[in-house]
Each structure stands twice: as C-alpha cells, then as structure tokens.
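In what follows, a single structure is set out as structure tokens and then discussed.
In this note's numbering, the protein residues as written are 125 to 217.
Right under this line is the structure:
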C-alpha cells in the first residue's frame with residue numbers, strides 16, 4: 125500500500141485507550157492528547173482514571189499511533205494465563 129493510499133483510509137483521531145497494557149498492577153494507557161478542562165486536565169485521561177482507578181499511567185505512544193499501531197505493538201509482556209485453557213478444549217470425535 126502506498127503512502128497516498130493510506131491517507132485515503134479512515135484513521136483514529138487519538139490513540140485507543142483500549143490498547144492498554146497491564147503490568148505489575150499498573151495499567152499503561154496510551155496518552156490521549158485530548159482537550160484540557162478548566163483545571164488543565166486532559167478530559168479523556170480524567171475519565172479513564174475515574175473509571176479504572178489510580179493505578180493508571182499514561183504513556184506517549186504517538187509514534188506507534190501514527191504508524192497504525194499502539195502501545196502494545198512496542199512492548200513485550202510475558203504473561204502467565206490464569207488457567208491452561210488449551211487443556212480444556214473439547215476434542216472432536
């Protein structure tokens with residue numbers, strides 16, 4: 125795909141907060157770069173913190189965003205699944 129073709133496609137205005145990473149009881153959320161309220165607070169970040177609590181850190185992931193990615197694209201997180209779901213799959217007869 126050429127650069128010109130990419131510019132004709134839809135593109136998110138700001139990084140998606142849903143693309144957060146959870147590491148050691150902290151949620152790392154892409155910085156939103158939204159307008160500021162009267163208290164100089166980013167309006168999106170204020171709402172995200174009120175919904176998710178105080179263990180939220182905002183990370184500048186703008187370079188991933190404009191490259192059609194997000195914060196999870198530039199991180200390597202090793203996780204341990206809560207259950208071994210693959211052992212619970214039903215096998216076909």
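No residue lacks a Cβ here, since even glycine has one placed at the ideal position from N, Cα and C.
Item: Taking one C-beta from the stretch 143-155 and one from the stretch 180-193 each time, how about it: are there three or more such pairs within less than 8 Å?; Value: yes
Item: Roughly how many angstroms separate the alpha carbons of residue 143 and residue 166, rounded to a whole number?; Value: 18 Å
Item: The alpha helix (DSSP H) spanning residue 174 covers which residue range?; Value: 167-176
Item: Alpha carbon to alpha carbon, what distance is there between residue 212 and residue 206?; Value: 13 Å
Item: Rounded to the nearest angstrom, what separates residue 179 and residue 171 at their Cα positions?; Value: 14 Å
Item: Tell me whether residue 159 is buried or exposed, calling it buried when 16 or more other Cβ atoms sit within 10 Å of its Cβ.; Value: exposed
Item: Note the first and the last residue of the continuous beta strand (DSSP E) segment covering residue 200.; Value: Here residue 200 belongs to no beta strand (DSSP E), and DSSP marks it neither H nor E.
Item: Let's see if you can read the secondary structure: which residues bound the alpha helix (DSSP H) around residue 187?; Value: 186-190
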